[in-house]
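When we follow the numbering used here, the leftmost residue of the sequence shown carries the number 17, and every step to the right adds one. Here a beta-carbon is modelled for each residue, glycine too, at the ideal position from N, C-alpha and C. First comes the structure, then the notes that go with it.
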Amino acid sequence: MPYFIFKMFPSRKVEAVESHEKYKDARAQARDMRKELTVADNFEVKIIMAANEHAGMKLLTTEREAIPWGDD
17 MPYFIFKMFP SRKVEAVESH EKYKDARAQA RDMRKELTVA DNFEVKIIMA ANEHAGMKLL
77 TTEREAIPWG DD
């Protein structure tokens with residue numbers, strides 16, 4: 017499965033940047049992008065492994081349920 021790099025904006029909007037077959041390549045690209053971020057940039061750089069771009073977007077934008085703390 018490929019690794020997708022996304023720009024994630026505060027409004028939960030997600031924009032695909034590119035994909036890589038190897039995690040090492042995706043990580044290097046994401047690190048380079050994060051180094052170039054300025055205060056004016058209004059997004060975070062995220063990496064996710066998914067079957068396709070649409071599935072990656074869905075995984076990033078889906079609200080996850082909080083893990084309960086303690087014994088229930």
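What span of residues does the alpha helix (DSSP H) with residue i cover, start to end?
{"i": "Glu60", "result": "No alpha helix (DSSP H) holds Glu60; the beta strand (DSSP E) holding it covers Glu60 to Met65."}
{"i": "Met17", "result": "Where Met17 is concerned, there is no enclosing alpha helix (DSSP H), given that its DSSP letter is neither H nor E."}
{"i": "Glu69", "result": "Glu69 to Thr77"}
{"i": "Lys51", "result": "Tyr39 to Lys51"}
Since I believe residue j is in contact with residue i (beta carbons under 8 Å), could you give me their beta-carbon distance rounded to a whole number of angstroms?
{"i": "Phe25", "j": "Ala66", "result": "Wrong, their Cβ atoms sit about 19 Å apart, outside the cutoff."}
Are residue i and residue j close, meaning C-beta to C-beta below 7 Å?
{"i": "Thr77", "j": "Val33", "result": "no"}
{"i": "Met49", "j": "Val61", "result": "yes"}
{"i": "Ala46", "j": "Ile63", "result": "yes"}
Per the DSSP calculation, residue i is bridged to which residue(s)?
{"i": "Ala32", "result": "Phe22"}
In terms of alpha-carbon separation, which member of the options lies closest to residue i?
{"i": "Met17", "options": "Leu75, Lys38, Trp85 and Pro84", "result": "Lys38"}
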